[in-house]
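K.L.:
In case it helps, the numbering used here puts the sequence shown at residues 46 to 394. We treat Cβ as the ideally placed atom computed from N, Cα and C, and that holds for glycine. Quick one: structure below, then a few questions.
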Amino acid sequence: MNVPIGLSSTFIAGENSHGYVREGTDLTEAFESVIGSVEGGHSVVFSSGIATINAVVDLLPANAIVVAPNHAYPGNSVRLRELAAVNRIQLREVQIDDLDAIRDAITGAALLWLESPTNPLMEIVDIKAAIKLGHSQNALVAIDNTFMSPVRQQPLALGADISMHSATKSISGHSDSLIGVLTVKDVELAQKLRGRRVLQGTLPGALETFLALRGIRTLGLRYDRAEQNALELAKKLEAHSAVDYVLYPGLASHKNYERHMSQASGGGQVVCFVLKGDVEQAEKFCNSLKIWAHATSLGGVESTIERRRRWPVEPVATPETLIRASVGIEKVEDLWADLDSALKSVYKN
Ligand SMILES: Cc1ncc(COP(=O)(O)O)c(C=O)c1O
């Protein structure tokens with residue numbers, strides 16, 4: 046039933062279809078074949094989500110123009126800015142949910158990098174329209190699909206060239222594996238990306254791949270339950286006196302709810318909300334929770350929560366008291382009771 050966790054770095058010549066571990070193993074191929082079939086393309090697995098963006102950019106010619114979000118997952122932004130600083134690429138950062146901003150920046154682009162919803166402001170890109178703008182310049186269009194997972198949003202079916210996941214998150218689902226994956230329509234592009242993986246040395250380890258392969262078996266079930274919990278909590282948070290506003294694309298109050306629901310089949314398992322009061326209160330709230338783990342990352346079976354601006358790389362566009370909650374599969378009553386009691390203890394009236 047399971048592909049063994051092979052711990053060989055090399056293989057006996059002539060006895061195996063593999064030669065050296067950096068080029069891939071049976072486990073690598075098994076994971077790629079599962080994700081590829083779920084996302085409708087050819088998958089290439091990497092040692093992390095961040096390794097995937099390095100592989101994609103490595104395919105671009107020197108000084109290529111890259112259009113990317115001005116604030117989204119900060120690791121990607123920091124890396125692209127580093128590459129721009131040494132003239133490897135020309136970077137044009139735009140407000141990614143604004144099609145006019147993409148249109149103004151797209152001329153001559155070789156890569157349009159999208160993320161929808163964005164982390165953590167939950168901005169929603171009009172994916173099909175953005176892809177059209179990218180393709181008008183023959184740019185590759187890639188989407189970071191981490192927040193939605195393959196069971197809620199299918200970028201390749203929407204016309205993207207590349208769908209990207211930090212599979213560390215909901216695909217693995219148990220906060221125990223660092224892994225990333227790209228899925229592409231074009232088999233030649235997949236081969237080129239595989240080549241980048243070999244030369245950048247970014248094959249995931251056997252245990253990580255095994256865990257991700259085990260995790261994806263329950264992705265649909267876990268995601269359904271977590272998302273159901275997330276929607277219920279988002280509604281309750283929206284009505285809470287300590288909460289200024291909630292950012293969740295599954296709520297009708299989200300500014301681009303309809304746009305999101307036209308291209309994804311649910312709001313997902315991440316809910317962000319901005320607390321009233323100051324940073325100290327927001328931190329105290331995170332530290333007062335008993336069931337929620339005060340920890341970064343998302344997509345696990347266990348609920349995690351944090352104030353995003355505690356990280357120096359988080360853009361200033363993220364409000365200081367924005368809380369990002371990754372909702373797990375616990376009983377929603379318990380999750381709410383914990384949130385409510387922590388809010389009460391910090392915001393006394
Ligand atoms: C939306 C998004 N993309 C990419 C990444 C990077 O993935 P990894 O940590 O697996 O390198 C993250 C990690 O938090 C993320 O949230």
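Considering only the alpha carbon of each residue, which of 215, 180, 197 lies closest to residue 205?
P.N.:
Closest by C-alpha distance to residue 205, out of 215, 180, 197, is 180.
K.L.:
Could you please give the first and the last residue of the uninterrupted beta strand (DSSP E) stretch that includes residue 209?
P.N.:
Element bounds for residue 209: 207 to 211.
K.L.:
Indicate the three-state DSSP secondary structure (helix, strand or coil) for residue 330 in the structure shown.
P.N.:
If DSSP states are grouped into helix, strand and coil, residue 330 belongs with the helices.
K.L.:
Could you give the distance in angstroms between the alpha-carbon of residue 274 and the alpha-carbon of residue 60?
P.N.:
If I take the Cα positions, the gap works out to 50 Å.
K.L.:
Tell me residue 318's beta-bridge partners as DSSP assigns them.
P.N.:
291, 368
K.L.:
What are the boundary residues of the alpha helix (DSSP H) that includes residue 74?
P.N.:
Segment 71 to 84, the alpha helix (DSSP H) holding residue 74.
K.L.:
Bridge partners for residue 352 per DSSP, in chain order?
P.N.:
368
K.L.:
Alpha carbon to alpha carbon, what distance is there between residue 169 and residue 129?
P.N.:
When rounded, the distance between both Cα atoms is 25 Å.
K.L.:
Spatial neighbours of residue 279 within its chain, please: CB distance less than 6 Å, with the 5 preceding and 5 following residues excluded, ordered by chain position.
P.N.:
291, 293, 296, 316
K.L.:
Enumerate, from N- to C-terminal direction, the unbroken beta strand (DSSP E) stretches of 3 or more residues contained entirely within the stretch 218 to 243.
P.N.:
225 to 229
K.L.:
Would you check whether ligand 1 has a heavy atom nearer than 8 Å to the C-beta of residue 392?
P.N.:
no
K.L.:
Beta carbon of residue 96, beta carbon of residue 270: below 9 Å?
P.N.:
Result no, Cβ atoms of residue 96 and residue 270 do not sit closer than 9 Å.
K.L.:
Taking contact to mean 3 or more Cβ pairs, one atom from each stretch, closer than 8 Å, check whether the stretch 148 to 155 and the stretch 337 to 355 are in contact.
P.N.:
no
K.L.:
According to the Cβ coordinates, are residue 76 and residue 225 closer than 9 Å?
P.N.:
no
K.L.:
Taking 7 Å as the limit between beta carbons, can you name the residues of its chain near residue 322, skipping five residues before and five after?
P.N.:
366, 392
K.L.:
Sort 355, 350, 302, 308 by Cα distance to residue 325 and report the nearest one.
P.N.:
355
K.L.:
So what does residue 114 bridge to, in DSSP terms?
P.N.:
For residue 114, the pairing in a beta bridge is given by DSSP as 139.
K.L.:
Kindly indicate the opening and closing residues of the alpha helix (DSSP H) around residue 147.
P.N.:
144 to 150
K.L.:
What did DSSP end up calling residue 201 once you bin it into helix, strand or coil?
P.N.:
helix
K.L.:
Can you tell me whether residue 387 is buried or exposed, with buried defined as 16 or more other CB within 10 angstroms of its CB?
P.N.:
It is buried - the Cβ of residue 387 has at least 16 other Cβ atoms within 10 Å.
K.L.:
DSSP three-state call for residue 275: helix, strand or coil?
P.N.:
Three-state DSSP puts residue 275 in a helix.
K.L.:
Alpha carbons only, please: which of 283, 229, 217 is nearest the one belonging to residue 255?
P.N.:
Of the listed residues, the one whose Cα sits closest to residue 255 is 217.
K.L.:
Classify residue 180 as helix, strand or coil using the three-state DSSP reduction.
P.N.:
helix
K.L.:
Distance, Cα to Cα, residue 339 vs residue 380?
P.N.:
13 Å
K.L.:
I believe residue 228 touches residue 120 by the beta-carbon criterion, under 8 Å. Please report the beta-carbon distance rounded to the nearest angstrom.
P.N.:
About 20 Å separates the two Cβ atoms, so there is no contact after all.
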